[in-house]
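For the sequence shown, counting from 1, position 3 maps to 15 in the working numbering; every step adds exactly one.
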Amino acid sequence: MRTDMFQQILDDLNSSSADVEASALISTDGLMIASALPSGIDEDRVGAMSAALLSLGDRAGTELARGKIDRLLVQGEKGYVIMTSAGGEAVLTILAKPNAKLGLIFLDIKRASEALAKLI
């Protein structure tokens with residue numbers, strides 16, 4: 013039941029903007045909870061990388077006196093990877109196009125992460 017609700021939130025996030033290409037909800041241990049990823053993307057790899065990057069981001073925020081991080085943004089030539097906490101036990105990872113309107117995507121991500129956190 014909750015898995016269906018997680019999936020619906022991810023599907024809604026993906027359809028909220030043409031700039032959002034994919035999304036996934038991952039446990040802080042790196043295990044996939046739900047995903048709306050295109051075929052050809054390895055869910056296990058996305059899960060492991062997301063957990064590792066968010067952990068490293070948290071550590072950098074603490075050690076560099078930046079405080080608790082809101083999101084982690086990786087910008088590549090083919091687009092963005094955006095990660096944010098979805099409650100204390102999960103990470104929301106989004107893939108976005110290179111010309112994405114980040115302000116709008118950040119707003120959609122915030123709404124989705126809050127909805128997911130309530131279910132976790």
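Ideal Cβ positions, reconstructed from N, Cα and C, are used throughout, including at glycine.
Nearest in C-alpha terms to G100, of all of G52, L66, D16, is L66. Put simply, the backbone Cα of I53 is about 15 Å away from that of L43. Beyond the five residues adjoining it in sequence on each side, F18 comes within less than 7 Å, by CB distance, of L37, I45, A46, L128, L131 in the same chain, given in chain order. Sorting T74, A124, T15, S27 by C-alpha distance to the C-alpha of L104 places A124 at the top.
Between G91 and L116, the gap from beta carbon to beta carbon reaches 8 Å or more. With distances taken between CA atoms, D120 lies nearest to I94 out of R78, A63, N111, I94.
In the three-state DSSP reduction, I106 falls in the strand class (E or B). Within its own chain, the residues whose Cβ lies closer than 8 Å to the Cβ of N26, once the five positions on either side in sequence are excluded, are V32, E33, A34, S35, A48, listed in chain order. In the DSSP assignment, E75 falls within the unbroken alpha helix (DSSP H) covering 55 to 75.
Only residues of its own chain outside the window of five on either side were considered, and among them A63, E101, A102, V103 have a CB closer than 7 Å to the CB of T40, listed in chain order. About 27 Å separates the CB atoms of P110 and E126; that is not less than 8 Å, and the two are not in contact.
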